[in-house]
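Okay, structure first, notes after.
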Amino acid sequence: GSSAGSLSLLVGSTESGAGGDVYVVGGTTTDSGSVGGGMSVVSGSGVSSSSGGVVIRSANSVSVGSSGGIVLSSGTTGSGSSGDVVIGVGDALGGEVGSVSIVVGTGDSGPGGDVYVV
Numbered sequence: 014g015s016s017a018g019s020l021s022l023l024v025g026s027t028e029s030g031a032g033g034d035v036y037v038v039g040g041t042t043t044d045s046g047s048v049g050g051g052m053s054v055v056s057g058s059g060v061s062s063s064s065g066g067v068v069i070r071s072a073n074s075v076s077v078g079s080s081g082g083i084v085l086s087s088g089t090t091g092s093g094s095s096g097d098v099v100i101g102v103g104d105a106l107g108g109e110v111g112s113v114s115i116v117v118g119t120g121d122s123g124p125g126g127d128v129y130v131v
């Protein structure tokens, strides 16, 4: 069969200076009785096969330097409770449940990275 179309959101490249940023932001509201807009990144489902994966990562550093970091965090609040951060694995019907792994990469200079659970 055929495939559905793709959507690419791409910022142009440069030979000097910093590359462009991409911001995707949910809508804001000043109404005290309403909440701001949410954001979801969801892969496509497969009716008779697997759903698509979701990858969130920073790019490799091509030569000298560091790759970009990734921050997964709920926002702060001036009054009230901050949001939760949930990392989980879905249920499996008729198969094995996946794992949650926190992996620190290897380096050839200096001490290895740490995993902190506070």
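If you count the sequence shown from 1, you need to add 13 to reach the numbering used here.
We put the CB at the ideal spot given by N, CA and C, even for glycine.
In this text, all values refer to a predicted model and were calculated from it rather than measured experimentally.
Alpha-carbon to alpha-carbon, G66 and S56: The residue given as residue 56 occupies position 43 in the sequence shown. The residue given as residue 66 occupies position 53 in the sequence shown. Between S56 and G66, the C-alpha separation is close to 6 Å.
Alpha carbons only, please: which of D127, G25 and S94 is nearest the one belonging to T119? Indexing the sequence shown from 1 puts residue 119 at position 106. When only C-alpha atoms are compared, the closest one is D127.
Cβ distance (whole Å) where S80 is taken to contact S86 below 8 Å: The residue you call residue 80 lines up with position 67 of the sequence shown. The residue you call residue 86 lines up with position 73 of the sequence shown. That pair is no contact at about 19 Å.
Taking the alpha carbon of G96 as the reference point, which residue from E109, V48 and G30 has its own alpha carbon closest? Along the sequence shown, one-based indexing puts residue 96 at 83. Of E109, V48 and G30, the smallest CA-CA separation from G96 is found for V48.
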